[in-house]
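*Asks:* Sharing a structure, written as structure tokens. Questions coming.
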């Protein structure tokens with residue numbers, strides 16, 4: 007007996023032992039795999055826990071009718087991979103070109119099974135450390151002053167195995183169905199279990215609760231076989247092309263709007279679902295009534311004893327009985343596995359389905375706990391794309407960079423350029439950067455100015471919500487002012503009630519750029535880093551506090567901001583005004599002239615000509631400049647009366663061979679007199 011008890015105690019001790027990792031990721035969906043990729047590239051100690059036998063288990067079931075609404079645009083006319091990601095809403099970020107989603111589907115709106123295959127390959131080809139069939143059922147804290155954040159996270163799986171980690175990344179998404187309880191709600195079928203065979207609805211009358219894409223997707227599937235479909239929701243329908251929010255109703259699912267407005271029996275109604283009640287008659291038909299009619303009534307007594315709205319109002323909209331009622335109300339975050347010590351609380355209002363987090367995606371209550379993917383959408387809910395793959399692949403990378411700086415002393419990646427490259431750097435990024443484009447108003451490029459504005463440091467895709475914490479979060483200093491480059495829609499152009507197709511909806515002149523409606527670049531200039539108080543007090547719907555100066559690059563029909571007069575010249579002059587300097591480019595001849603006639607040379611001449619930088623001169627380049635009117639043709643000048651006609655040319659060729667004359671590429675240069 008003693009030996010048995012001793013062996014049992016050893017087994018219990020071994021079962022209670024915790025396996026340690028620096029980083030624990032819960033969930034092997036798209037955001038979990040994306041986080042794992044970045045951690046693996048940085049060679050960090052991590053593990054991903056996935057309750058299913060394969061990654062992306064959500065997509066194995068949803069959407070129920072198997073058509074994704076994330077676009078798969080395979081052709082853009084461009085070969086720039088970064089630009090093409092602007093129109094690829096399904097690929098995760100990686101170095102492996104085999105893992106572009108266009109290789110998995112040719113459909114513009116792909117089949118969900120293609121996403122399942124893609125995620126499986128992403129995990130296997132990159133050899134990500136995913137532990138499958140491991141459901142984390144409880145998460146709590148263990149206080150320890152030696153830990154990174156003053157505590158460890160203790161995780162327990164379904165087999166009572168414990169895990170300990172210093173940082174916890176929650177990537178479980180929102181998968182718990184939203185359910186509204188009201189009298190008779192037991193007769194309602196859920197989106198997660200309802201039949202997807204249209205034949206099962208032939209000749210039936212259907213009521214759908216909800217007004218999102220899942221509701222319209224369900225209606226679209228049975229539109230051609232039902233008697234009619236009614237749809238009830240608390241809010242009015244919101245069309246994505248009007249709100250510019252990809253989570254609102256997409257055109258691919260809005261057939262019911264046609265049949266409603268063209269009076270083909272189907273219809274939409276607004277009402278609070280909690281005020282409804284459903285009563286079933288002897289024939290199995292479902293009657294819609296209001297909750298207050300059932301107060302002090304016994305539903306089991308039969309429908310004949312219950313007052314229905316049509317008994318008092320004979321044209322009550324939902325007076326016809328229904329054969330089926332389907333709930334399509336979306337999903338919410340699963341809070342049940344988190345101990346109270348973590349303080350994982352739901353948000354407020356329309357964000358209550360998400361946990362409360364900071365703009366840095368870190369929990370408001372627990373340091374070191376970050377929420378990734380769809381569950382982090384409270385940061386930009388109904389504003390940007392943070393709840394979808396084409397958005398959170400960038401916010402996940404931002405979180406990784408924050409963690410690298412905090413725990414490993416690796417500053418936010420940056421590049422230092424001379425100030426003469428400022429205009430070019432901005433133009434390049436606004437024309438190709440996918441993170442700025444997809445996460446508009448949320449992620450921004452930060453340009454930190456060096457002393458005397460002779461150079462700048464460029465940081466890409468930083469979360470603007472924590473701009474005041476930039477120095478602490480990135481390990482970079484901003485003592486001399488900064489520019490913030492961000493993408494925005496017009497202030498009054500997005501909304502469920504907006505007519506986005508009105509005449510003169512677009513702006514074409516640079517002087518009216520501030521009135522641009524469509525997505526366009528905006529550059530904010532701050533003489534010093536904004537404070538947390540300034541961030542809190544920023545104007546409503548502004549992503550940033552009021553700057554010292556702001557510049558809008560006028561919207562462009564082709565989203566191609568490279569027009570010399572409409573886009574580049576106004577931007578350069580804005581930057582020059584902010585920095586009180588001359589950012590033009592010059593030929594060597596002009597720099598030579600300035601050196602003899604000016605006390606201070608323009609930055610381009612100081613950083614280029616004076617340092618003997620530029621292209622080697624050649625006769626072909628000189629002749630091209632002469633023909634373009636950018637240089638005078640000195641070869642025709644005879645400086646001595648008895649010099650042979652070709653002697654000047656010969657001496658000039660010798661000069662070009664013996665002395666490097668620094669000049670810049672013609673396509674990037676502007677002679678002083680041209681301005």
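In this note's numbering, the protein residues as written are 7 to 681. We treat Cβ as the ideally placed atom computed from N, Cα and C, and that holds for glycine. This structure is a prediction, so every number in the text was calculated from the model and none was measured.
In chain order, which continuous runs of the alpha helix (DSSP H) of length 4 or greater are located wholly inside the stretch 539 to 595?
*Replies:* Counting whole runs of 4 or more residues, the stretch 539 to 595 contains the alpha helix (DSSP H) stretches 575 to 585.
*Asks:* So the candidates are 161, 241 and 274; which of them puts its Cα closest to the Cα of residue 174?
*Replies:* The residue with the shortest Cα to Cα distance from residue 174 is 161.
*Asks:* Can you tell which of 348, 551 and 573 has its C-alpha closest to the C-alpha of residue 561?
*Replies:* Per the Cα distances, 573.
*Asks:* Decide if the stretch 100 to 108 is in contact with the stretch 144 to 159; the criterion is three or more beta carbon pairs, one per stretch, under 8 angstroms apart.
*Replies:* No, the stretch 100 to 108 does not touch the stretch 144 to 159.
*Asks:* Quick one: is residue 548 buried, meaning 16 or more other Cβ sit within 10 Å of its Cβ, or exposed?
*Replies:* By the 10 Å Cβ count, residue 548 comes out exposed.
*Asks:* Relative to the C-alpha of residue 179, which residue among 490, 298 and 35 is closest?
*Replies:* When only C-alpha atoms are compared, the closest one is 35.
*Asks:* Would you mind sorting residue 626 into buried or exposed? The rule is 16 or more other CB atoms within 10 Å of its CB.
*Replies:* Flag for residue 626 reads exposed.
*Asks:* Using three-state DSSP, classify residue 333 as helix, strand or coil.
*Replies:* Note: residue 333 maps to strand in three-state DSSP.
*Asks:* Please classify residue 673: is it buried, with 16 or more other beta-carbons within 10 angstroms of its beta-carbon, or exposed?
*Replies:* Because the pLDDT of residue 673 is 39, which lies under 50, any placement of that residue in the model is unreliable, and the number read from its coordinates should be weighed accordingly. So residue 673 ends up on the exposed side.
*Asks:* Using the C-alpha atoms, what's the distance from residue 504 back to residue 584?
*Replies:* Whole-angstrom Cα-Cα distance: 36 angstroms.
*Asks:* Between 126, 265 and 248, which lies nearest to residue 236 when the distance is taken from Cα to Cα?
*Replies:* It is 265.
*Asks:* What is the C-beta distance between residue 325 and residue 210, in whole angstroms, given that I count them as a contact (C-beta under 8 angstroms)?
*Replies:* Actually they do not touch by this definition, with Cβ atoms about 17 angstroms apart.
*Asks:* Does DSSP put residue 466 in a helix, a strand or coil?
*Replies:* It is a strand residue.
*Asks:* Alpha carbon to alpha carbon, what distance is there between residue 53 and residue 409?
*Replies:* So the alpha carbons of these two residues sit roughly 16 angstroms apart.
*Asks:* Quick check on the burial criterion: 16 or more other C-beta atoms within 10 angstroms. Buried or exposed for residue 208?
*Replies:* Counting Cβ neighbours within 10 Å, residue 208 comes out exposed, since fewer than 16 surround it.
*Asks:* How about residue 638: is its C-beta nearer than 8 angstroms to some C-beta of chain D?
*Replies:* Absent here is chain D; the protein component of the structure consists of one chain.
*Asks:* Can you give the Cα-Cα distance for residue 177 and residue 277, rounded to whole angstroms?
*Replies:* Roughly 34 angstroms between the two C-alpha positions.
*Asks:* Taking its Cβ as the centre, do 16 or more other Cβ atoms sit within 10 Å of residue 454, making it buried, or is it exposed?
*Replies:* Under this definition residue 454 is a buried residue.
*Asks:* Under DSSP, the alpha helix (DSSP H) around residue 434 begins and ends at which residues?
*Replies:* Where residue 434 is concerned, the enclosing alpha helix (DSSP H) stretches over 428 to 438.
*Asks:* Output the distance between the C-alpha atoms of residue 602 and residue 483, rounded to the nearest integer angstrom.
*Replies:* Cα to Cα, the separation comes out at about 37 angstroms.
*Asks:* Could you give the residue range of the beta strand (DSSP E) that holds residue 532?
*Replies:* 526 to 532 is the extent of the beta strand (DSSP E) around residue 532.
*Asks:* Sorted by chain position, which residues of the same chain lie with C-beta nearer than 6 angstroms to residue 25's C-beta, five sequence neighbours on each side aside?
*Replies:* Cβ within range, chain order: 169.
*Asks:* Nearest by alpha-carbon distance to residue 164: which of 372, 251, 139 and 240 is it?
*Replies:* Of the candidates 372, 251, 139 and 240, the one whose C-alpha sits nearest the C-alpha of residue 164 is 139.
*Asks:* Could you give the distance in angstroms between the alpha-carbon of residue 109 and the alpha-carbon of residue 127?
*Replies:* Each residue's alpha carbon lies about 12 angstroms from the other.
*Asks:* Only counting the same chain, and skipping five residues up and downstream in sequence, which positions put a Cβ closer than 6 angstroms to that of residue 426?
*Replies:* Cβ within range, chain order: 609, 610 and 613.
*Asks:* Considering only DSSP beta bridges, list what residue 493 is partnered with.
*Replies:* DSSP output for residue 493 lists 527 as bridge partner(s).
*Asks:* Would you give the residue range spanned by the beta strand (DSSP E) that residue 403 belongs to?
*Replies:* Unbroken run through residue 403 is the alpha helix (DSSP H), 395 to 414; no beta strand (DSSP E).
*Asks:* Report the rounded CA-to-CA distance for residue 358 versus residue 457, giving the unit in angstroms.
*Replies:* Using only the alpha carbons, I get a separation of about 46 angstroms.
*Asks:* Among residues of its own chain, excluding the 5 on either side of residue 522, which ones have a beta-carbon nearer than 7 angstroms to its beta-carbon?
*Replies:* For residue 522, where only same-chain residues beyond five positions count, the Cβ hits under 7 angstroms are 496, 513, 558, 560 and 561.
*Asks:* State whether the stretch 65 to 72 contacts the stretch 112 to 120, with contact taken as three or more CB pairs (one from each stretch) at a distance under 8 angstroms.
*Replies:* Segments in contact, yes.
*Asks:* How long is the line joining the alpha carbons of residue 378 and residue 490, rounded to whole angstroms?
*Replies:* Whole-angstrom Cα-Cα distance: 24 angstroms.
*Asks:* For the putative contact between residue 395 and residue 76, defined by C-beta atoms under 8 angstroms, what is the C-beta separation to the nearest angstrom?
*Replies:* That pair is a contact at about 6 angstroms.
*Asks:* How many angstroms separate the CA atom of residue 430 from the CA atom of residue 451?
*Replies:* Distance between the alpha carbons of residue 430 and residue 451 is about 14 angstroms.
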